[in-house]
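If you're matching them up, the sequences are chains X and W in order.
The opening position of the first sequence corresponds to residue 0 in numbering that gives the first Met the number 0, with each subsequent residue numbered one higher.
The opening position of the second sequence corresponds to residue 0 in numbering that gives the first Met the number 0, with each subsequent residue numbered one higher.
Protein chains: 2
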Amino acid sequence: MAQKEERCARELLEVVPIIARFIRTEMRRHRALGLTVPQFRTLAFTERTGGTTLGGVAEHLGLTPPSTCKIVDGLAARELITRLQSPRDHRKVNLQITAVGKRVVADARRETHKGLASILSSLDQRELERIMQSMRALRMVFIGETVHANT
Amino acid sequence: MAQKEERCARELLEVVPIIARFIRTEMRRHRALGLTVPQFRTLAFTERTGGTTLGGVAEHLGLTPPSTCKIVDGLAARELITRLQSPRDHRKVNLQITAVGKRVVADARRETHKGLASILSSLDQRELERIMQSMRALRMVFIGETVHANT
DNA sequence: TATTGTTATACTCTATAACTATA
DNA sequence: TATAGTTATAGAGTATAACAATA
């Protein structure tokens, strides 16, 4: 056995990169927004947590601190995020999404959802339901694996 | 209506990047092989088609010719692929996977499958079946969308 | 003139190594 | 001494624009 895992793995390896590329392109298409996927995820995480640190973002994204730092650099330069020394521990940096950041991430989310939904519209309700259940199952196992923490 | 598409889109937008990152990391982990995802996909496509052209790969990956050219540069430098002027149309370049390329892509595929399958092993048979069906449905709609052609 | 591929240039992602400031 | 973050450096992905060779 473990044969079904094997076949399932093959499907994921074929299909996930295709959808990932679609998302990336869609995210980039709306030029006024112009977010990359990690930038989008960083903004969304910072908003969802109501503020975090660089280390928190790094763990969420599964990236090293230097990589994360550069992504945050870009967001801070565009004033989508603020970066302030933590008063409790001066080594830490508190990240907060700005009002503009909130608007941009909401717009990017809406536009990307629209692009995805338009493709999904050719599937019937049963298939959509199945995909949602699959995504929930995958999220659980992959998030359990891909270190995570909110600091 | 269109509400289920919308929720399904949201799930995809959350979960796909996580799995994509896992695949990328897994692909890179086995350093002897050291393939990136587009390199892997290029090799796999070249092998599957029994030979293709640069334009063929570009369409398959959904990338521009210059981007594709650079990816092929890297593969050719490592002698995983050969690049020869087409005898019928001298503008075209025929790509062929080499023996070493075949070995490398097979190893990368096996290792990545192993990594994915080990995570999937915590899911039961019913869930795995559902994921496979979902992936097949998604592949159909996204490949229909993401231009494709084999030259 | 249109097509195929390449080169030039530029930006982002991502990593490792080395460094600064703070605890 | 250990931790949080940054800077330096480097390789790969990706795009647009400009170009060469061929049809």
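The C-beta atom is built at its ideal place from N, Cα and C for all residues, glycine as well.
What's the C-alpha gap between W/T24 and X/M139? Your numbering for residue 24 of chain W matches position 25 in the second sequence. Your numbering for residue 139 of chain X matches position 140 in the first sequence. Going from the Cα of W/T24 to the Cα of X/M139 covers about 18 Å.
Between W/F141 and chain X, is there a C-beta pair that is closer than 8 Å?
-> Mapped onto the second sequence, residue 141 of chain W falls at position 142. Closer than 8 Å: yes.
Practice problem: Please say whether W/V92 and W/L83 have beta carbons closer to each other than 8 Å? | Solution: In the second sequence, counting from the first residue as 1, residue 83 of chain W sits at position 84. In the second sequence, counting from the first residue as 1, residue 92 of chain W sits at position 93. Yes.
message: Less than 8 Å between CB atoms is the rule here; does X/T97 satisfy it with respect to chain W?
response: Start at 1 with the first residue of the first sequence, and residue 97 of chain X comes out as number 98. By this cut-off, X/T97 is not an interface position.
Using the three-state DSSP reduction, which class does X/R82 fall into: helix, strand or coil?
Here residue 82 of chain X refers to the residue found at position 83 of the first sequence. Note: X/R82 maps to strand in three-state DSSP.
Between which two residues does the beta strand (DSSP E) harbouring W/L122 extend?
-> Position 123 of the second sequence holds residue 122 of chain W. Here W/L122 belongs to no beta strand (DSSP E), and DSSP marks it neither H nor E.
query = Does any CB atom of chain X fall closer than 8 Å to the CB of W/E13?
reply = Taking the second sequence and counting its residues from 1, the one referred to as residue 13 of chain W is at position 14. Yes, W/E13 lies at the interface with chain X (some Cβ there is under 8 Å from its Cβ).
For W/L60, the first and last residue of its enclosing alpha helix (DSSP H): Taking the second sequence and counting its residues from 1, one reaches residue 60 of chain W at position 61. That run of the alpha helix (DSSP H) goes L53 to L60.
- request: Check each residue of the stretch 75-100 of chain X: if its Cβ is closer than 8 Å to any Cβ of chain W, include it; give the result in chain order.
  value: none
Item checked: Minimum Cβ-Cβ distance from W/F21 to chain X less than 8 Å -> Taking the first residue of the second sequence as 1, we reach residue 21 of chain W at position 22. Yes, contact with chain X.
- Buried or exposed: X/Q38, going by 16 or more other Cβ atoms within 10 Å of its Cβ? One-based indexing of the first sequence puts residue 38 of chain X at position 39. By the neighbour-count rule (16 or more Cβ atoms within 10 Å), X/Q38 is buried.
message = Give me, in chain order, the residues of the same chain whose beta-carbon lies closer than 6 Å to that of W/G100; leave out the 5 immediate sequence neighbours on both sides.
response = Start at 1 with the first residue of the second sequence, and residue 100 of chain W comes out as number 101. Same-chain partners within the cutoff: L42, L79 and I80.
Since I believe W/E5 is in contact with X/H112 (beta carbons under 8 Å), could you give me their beta-carbon distance rounded to a whole number of angstroms?
What you label residue 112 of chain X is simply residue 113 of the first sequence in a count that begins at 1. What you label residue 5 of chain W is simply residue 6 of the second sequence in a count that begins at 1. With 8 Å as the limit, X/H112 and W/E5 qualify as a contact, their Cβ atoms being about 6 Å apart.
Could you tell me if the beta carbon of X/G54 falls within a distance shorter than 7 Å of some heavy atom in the ligand PLP? The model on display carries no ligand, and the ligand PLP is accordingly not part of it.
Rounded to the nearest angstrom, what separates W/S133 and X/A19 at their Cα positions? Here residue 133 of chain W corresponds to residue number 134 of the second sequence, with the count starting at 1. Here residue 19 of chain X corresponds to residue number 20 of the first sequence, with the count starting at 1. In a straight line, the C-alpha of W/S133 is about 15 Å away from that of X/A19.
- Task: Using alpha carbons as the reference points, say which of X/L122, X/P64 and X/L74 lies closest to X/G54.
- Result: Against the first sequence, residue 54 of chain X aligns to sequence position 55. Comparing Cα-Cα distances from X/G54 to each of X/L122, X/P64 and X/L74, the minimum goes to X/P64.
**Prompt:** Between which two residues does the alpha helix (DSSP H) carrying X/L42 extend?
**Reply:** On the first sequence, position 43 is the one that residue 42 of chain X refers to. Element bounds for X/L42: V36 to T48.
Taking all protein chains shown into account, decide if W/G33 is buried (16 or more other Cβ within 10 angstroms of its Cβ) or exposed.
Against the second sequence, residue 33 of chain W aligns to sequence position 34. Exposed, since its Cβ has fewer than 16 Cβ neighbours within 10 Å.
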